[in-house]
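Using my numbering, you'd call the opening residue of the sequence shown number -9 and step up by one each time.
A short worksheet on the structure shown next.
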Amino acid sequence: MTPENFARNILCSSSLADKLASFEGSSFKLGKGESIPDSPARSNQLKFSSEKLKFPKVSQFHQNEKRGMALHFFANHELLAIEMMAAFLLKFPTESKDDVKLKSGVLSALKDEQKHLKMYLERMGDLGVEFGDYPLNDFFWKQMKYLDTKEEFLAVMSLTFETANLDFCLFYREVFSEVHDFDSAKIMQAIFEDEVSHVKLGLKFLDKWKEDQELFDYYKSLLPENLSPSRSKGIHFNAQVRRDLGFDPAFVEKIKNYREENRIFNRREDVQ
């Protein structure tokens, strides 16, 4: 199987098993990009919903149901990441050796996201929650229509969503530990470790492509109008983690101190 066929199957099959299927096939070859569907195919149980659901409060995490609900949110984020990375592999042309390296890195990250989703699904089952028990939002996927370049994709996926997830993983690792749910805490730690490599991938290429621009200015210029740098921060901003994985200290400080100029960007707990 080619990587393109693998990605196409993830986007066009409504079967969760197909979206979680392992990849065994050839490497990337030079070629053109192709159009992607407006929305990924999903079964009725996993279809996107406009219904809003509030994320459970930390004070409720002693309840199995609430922890399962939290993992359900996280599981949807993993499935969205799988679908968005598959879209990336299809949408953008492979025109150089650098493109092959980048797509190979994204494919590796996609495999990690599949692993993460499987871990969440298993733990949700332990807590009595099935995937699809709660409404699933499409906020992440909605960004795909604004991402016309590889640079824009990496700015949104690697330096925004996945960088924020570094903070979220560490925060919820501690929350789960405090209620003695060490199985869920271990999952958050494992995902954190994988996310570090995903963020490094995006940083490596954007740092190269920015040329003589400041990384923060370059990054901010690549974001869609409905996203701001604040989306790259979790509940507790961890500056040291960012510095350790290679971000320039000046960039870290600008992200840390960034404040919204318009309330349209403010994060809501139900779409974190």
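The beta carbon of each residue, even a glycine, is placed where N, CA and C say it ideally should be.
Since the model is a prediction, treat every value here as computed from it, not as a measurement.
Item                                                                                                                                                                                      : Value
Between which two residues does the alpha helix (DSSP H) carrying residue 114 extend?                                                                                                     : 87 to 116
Thinking residue 242 and residue 249 are a contact (beta carbons under 8 Å), I'd like their distance in whole angstroms, please.                                                          : Not really, about 15 Å apart at Cβ, beyond 8 Å.
By the three-class DSSP mapping on this structure, what secondary structure does residue 139 have?                                                                                        : coil
Kindly indicate the opening and closing residues of the alpha helix (DSSP H) around residue 55.                                                                                           : 54 to 81
Over the uninterrupted alpha helix (DSSP H) stretch that includes residue 174, give me the two end residues.                                                                              : 172 to 199
Let me know the secondary structure DSSP gives residue 84 once reduced to three states.                                                                                                   : strand
Do you know whose CA, among 141, 32, 137, 181, lies nearest residue 152's CA?                                                                                                             : 181
For the segment 161 to 170 and the segment 72 to 83, state whether three or more C-beta atom pairs, one from each stretch, are separated by less than 8 Å.                                : no
Could you name the residues of the same chain whose beta carbon sits closer than 7 Å to that of residue 238, not counting the 5 residues immediately before and after it, in chain order? : 205
Mapping the DSSP letters down to three states, classify residue 1 as helix, strand or coil.                                                                                               : helix
Strictly by DSSP, which residues pair up with residue 38?                                                                                                                                 : 126
Would a C-beta distance cut-off of 7 Å place residue 70 and residue 130 closer than the cut-off?                                                                                          : yes
Where residue 24 and residue 183 are concerned, what is the direct C-alpha to C-alpha distance, given to the nearest angstrom?                                                            : 32 Å
Counting pairs of beta carbons, one from the segment 172 to 180 and one from the segment 101 to 115, are three or more of them closer than 8 Å?                                           : yes
Closer than 8 Å by C-beta to residue 57: which residues in its own chain qualify, once you throw out the five before and the five after it? Chain order, please.                          : 46, 51, 117, 166, 169, 171, 174
Output the boundary residues of the alpha helix (DSSP H) element that contains residue 149.                                                                                               : Element bounds for residue 149: n/a, residue is neither H nor E.
Which term fits residue 226, buried or exposed, when burial requires 16 or more other beta carbons within 10 angstroms of its beta carbon?                                                : exposed
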